[in-house]
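Trainee: Supplied in structure tokens, the structure appears directly below.
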Amino acid sequence: MRSFTTLCLNGGGVRGALQVGALKAYIEAGGSLHFPGGIYGISIGAIMGSLIAFNFTIDEIILHVHECLRFDHLVEPLRLQHVLDFQTRRGIDSGDTVYGHLSRIFATKGLSLETLRIRDSPVPLHIVASDLTKCKPVLFCDSVRVWDAIRASISLPLVFTPHTISGRVFVDGAIMCKNIVKYVPQNQRSTMLALLCDSTRPNTLESASPHEFMLYVLSATSHIEVRWSLQHYPQNVCLLTDTSTSILELTPDLDRIVEKGRSIGSDFFAKRSL
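Residue numbers are given in the working numbering: position 201 of the sequence shown equals residue 242, and the series is strictly consecutive.
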């Protein structure tokens, strides 16, 4: 199977484990995690993409997946003071716990998250966040700290506090960027691998619970964009769907989700090699 040269990872919270499983399947199909054309990541895809960009193997990523994707490990326990300070903090969690986990993970490679810059990655790394100050999505690269880019990209409103860089306020990249594929240069899309998590959709809107209905409303634009990518690049887009897992599930069965992603990926790569 011909290797892909560019990797594209969208957001999806806990469903990022599907991307890990699909990458495992890619390795098993003869692929490589070396993407000389660059890596594009948003939200949880920014974390996974950064690990790949700095030469973490798929087995190392799987080993650390529980530190990266379990919200009960990543988010501080809710305290009364968080609620009282919510109006000024504009979020429950400061991101300090995420920083601690990622610092330990990068330290296993002798890398300091305190000083590491995007330009230090062996392959081009691009991370998307939403700039509220200028009301536009931003593609971080070069001199920006890897941690600042990740922290901005994962800043899901109300969950994580917004992240400020050089006086500009950033939140989760998926708020303003609904299709990361469109950030990949046109001349690279024919050789990109896009692992796109798709959100849960109720079987019928008429019988959907209020929670299911609201999730569908919030993700409707993303559904359209994912389908656009699949329609235009069917040989490059691996659609990863797990309707039994919420993006903010506190105690997910990550081993199951990784294995499901591996199964979906195996089918995708097998068909592509025919």
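The beta-carbon is built from N, C-alpha and C at its ideal position, and this holds for glycine as well.
Note that this is a predicted model, so its numbers are computed, not measured.
Suppose you measure from the CA of Leu237 to the CA of Gly141; what does that come to, to the nearest Å?
Mentor: 27 Å
Trainee: Look at the Cβ atom of Pro165, then the Cβ atom of Gly79, and state whether they are nearer than 9 Å.
Mentor: In terms of Cβ geometry, Pro165 and Gly79 form a close pair [threshold 9 Å].
Trainee: For Arg111, which of helix, strand or coil comes out of DSSP?
Mentor: coil
Trainee: Less than 9 Å separating the beta-carbons of Val200 and Asp137?
Mentor: no
Trainee: How many angstroms separate the CA atom of Ser153 from the CA atom of Val187?
Mentor: Take the alpha-carbon of Ser153 and the one of Val187: they are about 10 Å apart.
Trainee: Between which two residues does the alpha helix (DSSP H) carrying Phe76 extend?
Mentor: Where Phe76 is concerned, there is no enclosing alpha helix (DSSP H), given that its DSSP letter is neither H nor E.
Trainee: Quick one: what's Ile83 bridged to in DSSP?
Mentor: According to DSSP, residue pairing for Ile83 in a beta bridge involves Val169.
Trainee: Is it right to say Leu92 is buried, meaning 16 or more other beta carbons lie within 10 angstroms of its own, or is it exposed?
Mentor: With 16 or more other Cβ atoms from the protein chains shown falling within 10 Å of its own Cβ, Leu92 counts as buried.
Trainee: Rounded to the nearest angstrom, what separates Cys182 and Lys223 at their Cα positions?
Mentor: About 17 Å.
Trainee: Determine the extent of the alpha helix (DSSP H) in which Ile68 is found, giving its start and end residues.
Mentor: 57 to 69
Trainee: Go to Leu237, then tell me how far its beta strand (DSSP E) extends in each direction, as first and last residue.
Mentor: 233 to 239
Trainee: Under the rule that 16 or more other beta-carbon atoms within 10 Å means buried, what is Lys312, buried or exposed?
Mentor: When all chains shown are included, Lys312 counts as exposed.
Trainee: In the structure shown, what three-state DSSP assignment does Leu197 receive?
Mentor: coil
Trainee: Are the Cβ atoms of Cys176 and Met233 separated by less than 9 Å?
Mentor: no
Trainee: Look up Ile103 in the DSSP assignment and say whether it is helix, strand or coil.
Mentor: helix
Trainee: Where does Lys177 fall in DSSP's three states?
Mentor: strand
Trainee: Between the Cα of Ser307 and the Cα atoms of Pro203, Ser196, Gln60, Leu48, which residue gives the shortest distance?
Mentor: Sorting Pro203, Ser196, Gln60, Leu48 by C-alpha distance to the C-alpha of Ser307 places Gln60 at the top.
Trainee: Please classify Val212: does DSSP put it in a helix, a strand, or coil?
Mentor: strand
Trainee: Asp100 to Gln229, Cα distance in whole Å?
Mentor: 27 Å
Trainee: Using the Cα positions of Val55 and Phe310, report the straight-line distance between them to the nearest angstrom.
Mentor: 23 Å
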